[in-house]
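Numbering (the working numbering), first residue to last: 118 to 595. Shown next, in structure tokens, is the structure this report addresses.
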Amino acid sequence: MEKRPLGKTGIEVSVFGFGSYRIDKRIHGHMDALRHALLSGVNFIDTSTNYSDGNSELLIGEVLQEIEDSTDLHRGDFVVASKAGYIQGKNLETVKRHDASGDPYPEITNCSPDLKHCIHPSFLKDQISESLHRMKCGYLDVFFLHNPEYFLMYSTERDLSKVRKEYYGRLRAAFEHLEEEIKAGRIRSYGISSNTFGYQSFHKNFTSLEEVIKISPNGKNDKGIGVIQLPLNLKEKDGLTLINQAENGKSAIKLAAKAGLGIVINRPLNAIVNNRIERLADFKMDGSYNLKDLQSTFRAVDALAENVLHEIKRQTRIGVEKFQDLKDSFGAAKFLMKNLDDLDNPVALNDLIEFYVNPRTRIITANVIENEMMPPMITEVTKNFLGELKNFVFILRNIVIAKYNLNNMKLHGLLNNYIPQELRAGTLQTKALALTASLPYISSVLVGMRQREYSSEVTGLGQVSGTGDPEAYWFMER
Numbered sequence: 118m119e120k121r122p123l124g125k126t127g128i129e130v131s132v133f134g135f136g137s138y139r140i141d142k143r144i145h146g147h148m149d150a151l152r153h154a155l156l157s158g159v160n161f162i163d164t165s166t167n168y169s170d171g172n173s174e175l176l177i178g179e180v181l182q183e184i185e186d187s188t189d190l191h192r193g194d195f196v197v198a199s200k201a202g203y204i205q206g207k208n209l210e211t212v213k214r215h216d217a218s219g220d221p222y223p224e225i226t227n228c229s230p231d232l233k234h235c236i237h238p239s240f241l242k243d244q245i246s247e248s249l250h251r252m253k254c255g256y257l258d259v260f261f262l263h264n265p266e267y268f269l270m271y272s273t274e275r276d277l278s279k280v281r282k283e284y285y286g287r288l289r290a291a292f293e294h295l296e297e298e299i300k301a302g303r304i305r306s307y308g309i310s311s312n313t314f315g316y317q318s319f320h321k322n323f324t325s326l327e328e329v330i331k332i333s334p335n336g337k338n339d340k341g342i343g344v345i346q347l348p349l350n351l352k353e354k355d356g357l358t359l360i361n362q363a364e365n366g367k368s369a370i371k372l373a374a375k376a377g378l379g380i381v382i383n384r385p386l387n388a389i390v391n392n393r394i395e396r397l398a399d400f401k402m403d404g405s406y407n408l409k410d411l412q413s414t415f416r417a418v419d420a421l422a423e424n425v426l427h428e429i430k431r432q433t434r435i436g437v438e439k440f441q442d443l444k445d446s447f448g449a450a451k452f453l454m455k456n457l458d459d460l461d462n463p464v465a466l467n468d469l470i471e472f473y474v475n476p477r478t479r480i481i482t483a484n485v486i487e488n489e490m491m492p493p494m495i496t497e498v499t500k501n502f503l504g505e506l507k508n509f510v511f512i513l514r515n516i517v518i519a520k521y522n523l524n525n526m527k528l529h530g531l532l533n534n535y536i537p538q539e540l541r542a543g544t545l546q547t548k549a550l551a552l553t554a555s556l557p558y559i560s561s562v563l564v565g566m567r568q569r570e571y572s573s574e575v576t577g578l579g580q581v582s583g584t585g586d587p588e589a590y591w592f593m594e595r
């Protein structure tokens, strides 16, 4: 796979990096996907201390160790980046222990009862130690401050000039500490990962790259900030196209390129449009179905639900409140049918299945299937219901995917005007990744490759430089 310089850091990274946001040591398929990617030319791994509550870093450590033990590759062949800033899960427990012991971390931003944020040197020092321990590494190649703009988002100070002065002061203190971490050999370079580099300069949450560069240590023995990370995709172009650096008259990415910074892109396939996630990808279908198929299956599901609920009421002494919970749970398919016209996004549907349907099937399983006091006839009919519900969800998902893929055809047609001939028959995701990575000043594009087939698709892209005018799509008139 093509390698590129990570700005002035002296590090080379694969043009596509392994984004580890949702990978987890407890899921075997994730380990296989990472192993396959690293053995297929990907050398850049990006994670964070809070990803999967530390299990992302644990997985990376295990895979790196396994590869070193079983191949000629070793730690130095890979570039490992991590981040810190978020306080949730185990990090939140650690912070609470510090509070209770009378040694609290300073400058914590309170976001909600379950979420805090911090970039104070003492917190960063401990977070780097945790990362190195979990990944069994002696050093990190890159360390990012993770979305430091949370301070701006949750500040109660109304005077924006005061807020920004404090913000850049905290960034400066963090940078100074990270210079010490470089001298100690625990990190090789550092930077900021922010979602607001591409915001309008007047926005409260805007992170100015100009200001970041100004406050970056520049003494004789200082490295200074070396890398930035930000979102960029086919529908969110502002990081590249919005001129928001007042003194330089450039966008964040253009200024970063001029300053010799490494530029890492995240969310290349997940666009946030009107507060909704749009997946810039074609989805794989498992069959062809129509509305009649869905309606027929729904009638079977609904009839079984009515039958089970009737028998539970007739044959058991279930309480009113628990019966109401079961009635709601057996009504999951009815809810989906009622909202059918709004189900046009496979990502949103998958979330609905995970967070609405699946919890209700677990309630049914726990209270009916696994309830030894439940009459056997009710248990059997409930098993039939769950089977039909699974079939209903399967058909619904394929219908939504078919509609989504059809809507993608217009975007396919547009993109084909800007990509080489050999990519025009490819999927939307391969076109989106190729167009992003073809920008010559981008160091690496992070891709979530949680399954082996995803990593195969990405590593199969190979060389993406030197294909026509790489900026033509990005700067076309909207």
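Beta carbons: idealized from backbone N, C-alpha and C, even for Gly. Please read these numbers as outputs of a predicted model, since none were measured by experiment.
Problem - Touching by the beta-carbon criterion (3+ pairs, under 8 angstroms), the stretch 161-172 and the stretch 203-218 - result: yes
Handout entry: For Asn361, the nearest candidate out of Leu277, Glu274 and Gly315 (CA to CA)
Key = Here residue 361 refers to the residue found at position 244 when the sequence shown is read from its first residue. Of the candidates Leu277, Glu274 and Gly315, the one whose C-alpha sits nearest the C-alpha of Asn361 is Gly315.
Practice task
Name the one or two DSSP bridge partners that Thr226 has.
Solution key: Counting from 1 along the sequence shown, the entry for residue 226 is found at position 109. DSSP lists His234 as partners of Thr226.
Practice task
Measuring alpha carbon to alpha carbon, tell me which of Asp149, Gly341 and Phe415 ends up nearest Asn508.
Solution key: For the purposes of this step, residue 508 is taken as the residue at position 391 of the sequence shown. Nearest of Asp149, Gly341 and Phe415 to Asn508, Cα basis: Phe415.
Problem - Neighbourhood of Glu86 by C-beta distance below 6 angstroms, restricted to the same chain and skipping five residues each side - result: The question about residue 86 has no answer, for the chain in this structure spans 118 to 595.
Exercise for the section: Have a look at Met491 and Val485 and give me their C-alpha separation to the nearest angstrom. Expected result: For the purposes of this step, residue 491 is taken as residue 374 along the sequence shown, with counting starting at 1. For the purposes of this step, residue 485 is taken as residue 368 along the sequence shown, with counting starting at 1. Cα to Cα, the separation comes out at about 6 angstroms.
Problem - Identity of the residues DSSP links to Asn525 by a beta bridge - result: Residue mapping note: residue 525 aligns to position 408 of the sequence shown, counting from 1. BP columns for Asn525 are empty, so no partner.
Practice task
For the alpha helix (DSSP H) holding Asn387, just list the boundary residues, first then last.
Solution key: The sequence position of residue 387 within the sequence shown is 270, counting from 1. From DSSP, Asn387 is part of no alpha helix (DSSP H) but of the beta strand (DSSP E) over Asn387 to Val390.
Exercise for the section: Compute the beta-carbon to beta-carbon distance between Ser102 and Thr126, rounded to the nearest angstrom, for a pair I have assumed lies under 8 angstroms. Expected result: Residue 102 is absent from the model: the chain starts at 118 and stops at 595.
Problem - Environment of Tyr473 [buried if 16+ CB atoms lie within 10 Å] - result: Your numbering for residue 473 matches position 356 in the sequence shown. Tyr473 is exposed by the Cβ-count criterion.
Problem - Burial state of Thr273 (16 or more Cβ within 10 Å) - result: As a working note, residue 273 is residue 156 in the sequence shown. Exposed, because fewer than 16 other Cβ atoms sit within 10 Å of the Cβ of Thr273.
Exercise for the section: Measure from the alpha carbon of Ala198 to the alpha carbon of each residue in Gln568, Glu570, Ser561 and Ala417, then state which is nearest. Expected result: Counting from one through the sequence shown, the residue named residue 198 turns up at place 81. Checked all of Gln568, Glu570, Ser561 and Ala417; the closest Cα to Ala198 is Ser561.
Handout entry: Contacts around Thr482, its chain only, beta-carbon distance under 8 angstroms, and the 5 residues preceding and following it disregarded
Key = For the purposes of this step, residue 482 is taken as residue 365 along the sequence shown, with counting starting at 1. Leu503, listed in sequence order.
Practice task
Verify whether the separation of the beta carbon atoms of Leu372 and Asn365 is less than 8 angstroms.
Solution key: The residue labelled residue 372 in the question sits at position 255 within the sequence shown. The residue labelled residue 365 in the question sits at position 248 within the sequence shown. Taking 8 angstroms as the Cβ cut-off, Leu372 and Asn365 qualify as a contacting pair.
Problem - Arg479: first and last residue of the uninterrupted alpha helix (DSSP H) it sits in - result: On the sequence shown, position 362 is the one that residue 479 refers to. Arg479 -> alpha helix (DSSP H) spans Asn475 to Ile481.
Practice task
Sort out for me which residues DSSP pairs Lys548 with in a bridge.
Solution key: If you number the sequence shown from 1, residue 548 lands on position 431. For Lys548, which the question treats as bridged, DSSP gives no partner whatsoever.
Practice task
Give the range of the alpha helix (DSSP H) segment to which Gly146 is assigned.
Solution key: Here residue 146 is taken as the residue at index 29 of the sequence shown, counted from 1. Start and end: His145 to Leu155.
Problem - Given Phe447 as reference, the closest of Gly377, Val418 and Glu574 once Cα atoms are compared - result: Taking the sequence shown and counting its residues from 1, one reaches residue 447 at position 330. When each option's Cα is compared against that of Phe447, the closest is Val418.
Problem - Simplified DSSP assignment, three categories, for Arg214 - result: For the purposes of this step, residue 214 is taken as residue 97 along the sequence shown, with counting starting at 1. Three-state DSSP puts Arg214 in a helix.
Exercise for the section: Answer yes if the stretch 404-411 comes into contact with the stretch 586-594, meaning at least three C-beta pairs across the two stretches below 8 angstroms, and no otherwise. Expected result: no
Problem - Cβ pair count under 8 angstroms reaching 3, the stretch 289-302 against the stretch 322-341 - result: yes
Handout entry: Unbroken stretches of the alpha helix (DSSP H), 4 residues or longer, contained in the stretch 373-436
Key = 408-432
Handout entry: Rounded separation between Ser318 and Lys367 - CA only
Key = The residue labelled residue 318 in the question sits at position 201 within the sequence shown. The residue labelled residue 367 in the question sits at position 250 within the sequence shown. Each residue's alpha carbon lies about 12 angstroms from the other.
Practice task
For the alpha helix (DSSP H) containing Gly308, list its first residue and its last residue.
Solution key: By one-based count along the sequence shown, residue 308 stands at place 191. Gly308 -> not in any alpha helix (DSSP H); beta strand (DSSP E) instead, spanning Tyr307 to Ser310.
Exercise for the section: Taking Arg121 as part of the beta strand (DSSP E), name the residues at either end of that continuous run. Expected result: The residue labelled residue 121 in the question sits at position 4 within the sequence shown. Looking at the DSSP string, the run of the beta strand (DSSP E) that includes Arg121 is Lys120 to Pro122.
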